[in-house]
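**Q** Residue numbers (my numbering), protein chains in the order written: chain A, 5 to 241; chain B, 5 to 241.
Number of protein chains: 2
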Amino acid sequence: MTQMPHVLIVDDDEDILSLLTQFLQNQGCQVAVARRGEEMFSLLDTQAVSVVILDVMLRRENGFDLCRQLRTRSSVPVIMLTAVGEHTDRVVGLEIGADDYVTKPFNARELLARIKAVLRRAEIPAPPQDARPMLSFGCWRLDIARRELRSDDNTLIFLSGGEFDLLLAFAEHPQRVLTRDMLLDFTRGDASAPFDRSIDVQISRLRRKLEADPKSPDLIRTVRNGGYILMAQVRRT
Amino acid sequence: MTQMPHVLIVDDDEDILSLLTQFLQNQGCQVAVARRGEEMFSLLDTQAVSVVILDVMLRRENGFDLCRQLRTRSSVPVIMLTAVGEHTDRVVGLEIGADDYVTKPFNARELLARIKAVLRRAEIPAPPQDARPMLSFGCWRLDIARRELRSDDNTLIFLSGGEFDLLLAFAEHPQRVLTRDMLLDFTRGDASAPFDRSIDVQISRLRRKLEADPKSPDLIRTVRNGGYILMAQVRRT
DNA sequence: TCTCCGTATAACCAAGTTTTAACAGCTTTG
DNA sequence: CAAAGCTGTTAAAACTTGGTTATACGGAGA
Numbered sequence: 005m006t007q008m009p010h011v012l013i014v015d016d017d018e019d020i021l022s023l024l025t026q027f028l029q030n031q032g033c034q035v036a037v038a039r040r041g042e043e044m045f046s047l048l049d050t051q052a053v054s055v056v057i058l059d060v061m062l063r064r065e066n067g068f069d070l071c072r073q074l075r076t077r078s079s080v081p082v083i084m085l086t087a088v089g090e091h092t093d094r095v096v097g098l099e100i101g102a103d104d105y106v107t108k109p110f111n112a113r114e115l116l117a118r119i120k121a122v123l124r125r126a127e128i129p130a131p132p133q134d135a136r137p138m139l140s141f142g143c144w145r146l147d148i149a150r151r152e153l154r155s156d157d158n159t160l161i162f163l164s165g166g167e168f169d170l171l172l173a174f175a176e177h178p179q180r181v182l183t184r185d186m187l188l189d190f191t192r193g194d195a196s197a198p199f200d201r202s203i204d205v206q207i208s209r210l211r212r213k214l215e216a217d218p219k220s221p222d223l224i225r226t227v228r229n230g231g232y233i234l235m236a237q238v239r240r241t
Numbered sequence: 005m006t007q008m009p010h011v012l013i014v015d016d017d018e019d020i021l022s023l024l025t026q027f028l029q030n031q032g033c034q035v036a037v038a039r040r041g042e043e044m045f046s047l048l049d050t051q052a053v054s055v056v057i058l059d060v061m062l063r064r065e066n067g068f069d070l071c072r073q074l075r076t077r078s079s080v081p082v083i084m085l086t087a088v089g090e091h092t093d094r095v096v097g098l099e100i101g102a103d104d105y106v107t108k109p110f111n112a113r114e115l116l117a118r119i120k121a122v123l124r125r126a127e128i129p130a131p132p133q134d135a136r137p138m139l140s141f142g143c144w145r146l147d148i149a150r151r152e153l154r155s156d157d158n159t160l161i162f163l164s165g166g167e168f169d170l171l172l173a174f175a176e177h178p179q180r181v182l183t184r185d186m187l188l189d190f191t192r193g194d195a196s197a198p199f200d201r202s203i204d205v206q207i208s209r210l211r212r213k214l215e216a217d218p219k220s221p222d223l224i225r226t227v228r229n230g231g232y233i234l235m236a237q238v239r240r241t
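#1: Nearest-angstrom Cα distance between L214 (chain B) and G165 (chain A)?
#2: Please return the same chain residues whose Cβ sits closer than 8 Å to the Cβ of L187 (chain A), not counting the five positions on each side in sequence.
#3: Is there a Cβ of chain B sitting closer than 7 Å to that of A130 (chain A), yes or no?
#4: Excluding five sequence neighbours on each side, which residues of the same chain lie with their C-beta closer than 6 Å to the C-beta of T159 (chain B)?
#5: Indicate whether V37 (chain B) and I13 (chain B) have their beta-carbon atoms separated by less than 7 Å.
#6: Have a look at A:L58, A:V181, A:L210, A:V238 and flag the residue whose alpha-carbon is nearest the alpha-carbon of V227 (chain A).
#7: Assuming G165 (chain A) is part of the alpha helix (DSSP H), what are its boundary residues?
#8: With DSSP as the reference, label Q34 (chain B) as helix, strand or coil.
#9: Quick test of your reading: D104 (chain A) and V122 (chain A), contact by CB under 8 Å. State the CB separation rounded to the nearest angstrom.
#10: Quick check: what's the CA-CA separation for Q179 (chain A) versus I161 (chain A)?
#11: May I ask you to list, following chain order, the residues of the segment 138-165 of chain B that have a beta carbon less than 9 Å from some beta carbon of chain A?
#12: Whole angstroms is fine: what's the gap from I207 (chain A)'s alpha carbon to K120 (chain B)'s?
#13: Is P137 (chain A) buried or exposed, if buried means 16 or more other CB atoms sit within 10 Å of its CB?
#14: Compare the C-beta of P241 (chain B) with all C-beta atoms of chain A and state if any pair is closer than 7 Å.
#15: May I have the straight-line CA-CA distance separating R115 (chain A) from Q51 (chain A), to the nearest angstrom?
#16: Quick one: residues in its chain with C-beta nearer than 8 Å to the C-beta of R63 (chain B), no 5 flanking neighbours on either side, listed in chain order?
#17: Following the continuous beta strand (DSSP E) through K108 (chain B), name the residue where it begins and the one where it ends.
#18: Would you decide whether D49 (chain B) is buried or exposed? Buried here means 16 or more other CB atoms lie within 10 Å of its CB.
#19: Can you look up T86 (chain B) in the DSSP assignment and give me helix, strand or coil?
#20: Using the Cα positions of C33 (chain A) and P9 (chain A), report the straight-line distance between them to the nearest angstrom.
#21: In this structure, what does DSSP give as the bridge partners for D222 (chain A)?
#22: Taking buried to mean at least 16 other C-beta atoms within 10 Å of its own C-beta, is L23 (chain A) buried or exposed?
#23: Report yes if the C-beta distance between L58 (chain B) and V82 (chain B) is below 7 Å; otherwise report no.
#24: Alpha carbon to alpha carbon, how far is G142 (chain A) from L153 (chain B)? Give it in angstroms, no decimals.
#25: E65 (chain B) by DSSP, collapsed to three states: which one?
#26: So, with DSSP's three-state summary, where would you put F141 (chain A)?
#27: Given a limit of 7 Å on CB to CB distance, which residues of the segment 30-48 of chain A reach chain B?
#28: Quick one: grab the DSSP three-state call for D17 (chain A).
#29: Grouping DSSP H, G and I as helix and E and B as strand, with all else coil, what is R150 (chain B)?
#30: So which residues of chain A does R228 (chain B) contact, with C-beta pairs closer than 8 Å?
#31: Run through chain A and tell me which residues come within less than 9 Å of V238 (chain B), C-beta to C-beta.
#32: Using a cut-off of 8 Å between C-beta atoms, extract the partners of P178 (chain B) located in chain A.
#33: When you compare the CB positions of T76 (chain B) and T107 (chain B), do they come within less than 7 Å of one another, or not?
#34: Could you give the distance in angstroms between the alpha-carbon of R125 (chain A) and the alpha-carbon of A102 (chain A)?
#35: Short check: CB of G67 (chain A) to CB of V60 (chain A), under 7 Å?
#36: Does V122 (chain A) come out as helix, strand or coil in the three-state DSSP assignment?
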């Protein structure tokens, strides 16, 4: 969840409302509340809601009916709140088009997990993380298709085209000394022949971006009179 | 559910296997079983599976790990079977990418309802008659039917036709680099071939309207020598 | 320790790419 | 038909990139 999810809670029990609101806000959600179905619908029309939490037992309305109505006009994910023991109701809830349900009394953390799960489902699948060829080494992951470098915590490290090519050359020939000539070959298949030292500069620029301490490089070591070598093991994924 | 759903049960408890197989077949499902993760993966590779039912406690493997592995290569819906009382496990299950879980001992009818619910979600959300298909990303909502863009606080942002089309192309292919060519294809299915740079201009016009700071765009980033990419996650609503 | 020589890096610059203002041709609208 | 608005084209400006240069740095061997 990169952005703030917007949760709409529909309940007429003030205790639950304030408890949930507080909790979800602390968890970084934007929260709206509705005490009746009507209010729910008007909020849905005017706000971007990413998930609805709907109590089955409202004093004057029936959560199932609301859910069914909602389904005729929107496909926003719905999580139902049900009381314990209403076993058949559970089933009905899911058959009616709810996306999930949580039984009261519920554990707030569990509810959060459900919300996350439901939101994840609603996301448009970013290109399948699947069969994307990746090279991992140290705490880095090189996504070849996307030409992206990400660190362990998934932050994107910005690399220019040439920097990426150079790093890729290393990742494809790990733990081998690569001469400047070889590196030029790898990064510029064609015969254009820039002055050697340009590699040094690119190396320096790379190190600045991925070495913990660029002054004493750990990942890409210099081999005097030889070239450079990527120290880490590389895994294909 | 128009055709027979194809359920893959992964468990090493013969009782559960035969019970479930029988029940689900009676209910009109096609059923396959796997007794180990390996078998599961090979079945997934060779058969069209619409939902996987995965036991958390296999004798020699860990269902959570299997689920996680599965998620790295497929988005087939997964329902986990967990024993009662493993509360934290529940939460972990959902966070791991499972779509739902059922606690043992479970009621076969309930499981069927879960399967149905999960399958319904997985269907390409054929927009119900009156539903307004929306794509939300960042603090924006794109109303496809009305061709409107609204911000979180519900203000309408006026977009011209071309601007809307371009933004829609991004919203439908989030987090992917789209070349100018692709963007031309998406926005003008037909073969008219305006000069590339026209995309740049449209991008610039879009950014002026939706980037907080158009000078350092956050939402639609430039990929030098590549094209453009929508950074935000997109949800259908 | 000192020198030599290879390497590191900052700074600069040229080439190439992207951004954007301005404009012109079209289409739409009243 | 005029006015308004949309969109592609153009061109100038801004920005990026990556090679070159110059200088600093540092290790090996004398």
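Glycine included, C-beta positions come from ideal geometry on N, C-alpha and C.
Computed from a prediction, not measured in an experiment: that's the story for all the values here.
**A** On the basis of the supplied data:
#1: Taking the second sequence and counting its residues from 1, one reaches residue 214 (chain B) at position 210. Taking the first sequence and counting its residues from 1, one reaches residue 165 (chain A) at position 161. Here the alpha carbon of L214 (chain B) sits roughly 28 Å from the alpha carbon of G165 (chain A).
#2: For the purposes of this step, residue 187 (chain A) is taken as residue 183 along the first sequence, with counting starting at 1. Hits under 8 Å: L170, A173, I203, G231, Y232.
#3: For this step, residue 130 (chain A) is matched to residue 126 along the first sequence. Closer than 7 Å to some Cβ of chain B, the Cβ of A130 (chain A) qualifies, so yes.
#4: As a working mapping, residue 159 (chain B) is identified with position 155 in the second sequence. Setting aside the 5 residues that flank it on each side, T159 (chain B) has no residue in the same chain whose C-beta is closer than 6 Å to its C-beta.
#5: Looking up residue 37 (chain B) in the second sequence gives position 33. Looking up residue 13 (chain B) in the second sequence gives position 9. With contacts defined by Cβ atoms closer than 7 Å, V37 (chain B) and I13 (chain B) form a contacting pair.
#6: The residue labelled residue 227 (chain A) in the question sits at position 223 within the first sequence. Nearest of A:L58, A:V181, A:L210, A:V238 to V227 (chain A), Cα basis: A:V181.
#7: As a working note, residue 165 (chain A) is residue 161 in the first sequence. That run of the alpha helix (DSSP H) goes 165-176.
#8: Numbered from 1 along the second sequence, position 30 holds the residue referred to as residue 34 (chain B). Note: Q34 (chain B) maps to strand in three-state DSSP.
#9: As a working note, residue 104 (chain A) is residue 100 in the first sequence. As a working note, residue 122 (chain A) is residue 118 in the first sequence. D104 (chain A) to V122 (chain A), Cβ: 6 Å. Contact.
#10: Walking along the first sequence from the start, residue 179 (chain A) turns up at place 175. Walking along the first sequence from the start, residue 161 (chain A) turns up at place 157. Each residue's CA atom was taken as its position, placing Q179 (chain A) and I161 (chain A) some 23 Å apart.
#11: So the list reads M138, L139, S140, F141, G142, C143, W144, R145, R154, S155, D156, D157, N158, given in the order they occur along the chain.
#12: Counting from one through the first sequence, the residue named residue 207 (chain A) turns up at place 203. Counting from one through the second sequence, the residue named residue 120 (chain B) turns up at place 116. Each residue's Cα considered, the two are about 55 Å apart.
#13: Along the first sequence, one-based indexing puts residue 137 (chain A) at 133. Classification of P137 (chain A): exposed, given that the 10 Å Cβ count is below 16.
#14: Along the second sequence, read from residue 1 onward, the residue named residue 241 (chain B) stands at position 237. Sequence check: residue 241 (chain B) is Thr here, not Pro. Under the Cβ distance rule, T241 (chain B) counts among the residues neighbouring chain A, one pair being separated by less than 7 Å.
#15: Here residue 115 (chain A) refers to the residue found at position 111 of the first sequence. Here residue 51 (chain A) refers to the residue found at position 47 of the first sequence. Going by the sequence as given, residue 115 (chain A) is Leu instead of Arg. Each residue's alpha carbon lies about 22 Å from the other.
#16: Taking the second sequence and counting its residues from 1, the one referred to as residue 63 (chain B) is at position 59. These residues qualify, in order along the chain: D16.
#17: For the purposes of this step, residue 108 (chain B) is taken as residue 104 along the second sequence, with counting starting at 1. Here the beta strand (DSSP E) through K108 (chain B) covers 104-108.
#18: On the second sequence, residue 49 (chain B) is found 45 positions in, with the first residue counted as 1. Exposed, by the Cβ-count rule.
#19: The count along the second sequence starts at 1 and reaches residue 86 (chain B) at position 82. Look at T86 (chain B) here: in three-state DSSP terms it is strand.
#20: Here residue 33 (chain A) corresponds to residue number 29 of the first sequence, with the count starting at 1. Here residue 9 (chain A) corresponds to residue number 5 of the first sequence, with the count starting at 1. Pairing C33 (chain A) with P9 (chain A), the inter-Cα distance amounts to about 5 Å.
#21: Locating residue 222 (chain A) in the first sequence gives position 218, counting from the first residue. D222 (chain A) is not bridged to any residue.
#22: On the first sequence, residue 23 (chain A) is found 19 positions in, with the first residue counted as 1. Exposure of L23 (chain A) is indicated by the presence of fewer than 16 other C-beta atoms within 10 angstroms of its C-beta.
#23: What you label residue 58 (chain B) is simply residue 54 of the second sequence in a count that begins at 1. What you label residue 82 (chain B) is simply residue 78 of the second sequence in a count that begins at 1. Cβ distance < 7 Å, so L58 (chain B) and V82 (chain B) count as in contact.
#24: Position 149 of the second sequence, counted from the first residue, corresponds to residue 153 (chain B). Position 138 of the first sequence, counted from the first residue, corresponds to residue 142 (chain A). The alpha-carbon of L153 (chain B) is positioned some 43 Å away from that of G142 (chain A).
#25: Looking up residue 65 (chain B) in the second sequence gives position 61. The three-state secondary structure of E65 (chain B), taken from DSSP, is coil.
#26: If you number the first sequence from 1, residue 141 (chain A) lands on position 137. It is a strand residue.
#27: Cβ contacts with chain B come from no residue of the segment 30-48 of chain A.
#28: Residue 17 (chain A) sits at position 13 when you count from the first residue of the first sequence. If DSSP states are grouped into helix, strand and coil, D17 (chain A) belongs with coil.
#29: Here residue 150 (chain B) refers to the residue found at position 146 of the second sequence. Coil.
#30: Against the second sequence, residue 228 (chain B) aligns to sequence position 224. For R228 (chain B), the neighbours in chain A by C-beta distance under 8 Å run, in chain order, S164, G165.
#31: By 1-based counting over the second sequence, the position of residue 238 (chain B) is 234. The contacting residues are E127, I128, A130.
#32: Numbered from its first residue, the second sequence carries residue 178 (chain B) at position 174. Ordered by position in chain A, the residues that pass the 8 Å Cβ test against P178 (chain B) are I128, A130.
#33: Numbered from 1 along the second sequence, position 72 holds the residue referred to as residue 76 (chain B). Numbered from 1 along the second sequence, position 103 holds the residue referred to as residue 107 (chain B). Cβ atoms of T76 (chain B) and T107 (chain B): not closer than 7 Å.
#34: As a first step, residue 125 (chain A) must be located in the first sequence, where it is residue number 121. As a first step, residue 102 (chain A) must be located in the first sequence, where it is residue number 98. Cα-Cα distance, rounded: 13 Å.
#35: Here residue 67 (chain A) refers to the residue found at position 63 when the first sequence is read from its first residue. Here residue 60 (chain A) refers to the residue found at position 56 when the first sequence is read from its first residue. At a Cβ-Cβ threshold of 7 Å, G67 (chain A) and V60 (chain A) count as neighbours.
#36: Reading the first sequence from its first residue, position 118 is the one you call residue 122 (chain A). In this structure, V122 (chain A) counts as helix in the three-state DSSP scheme.
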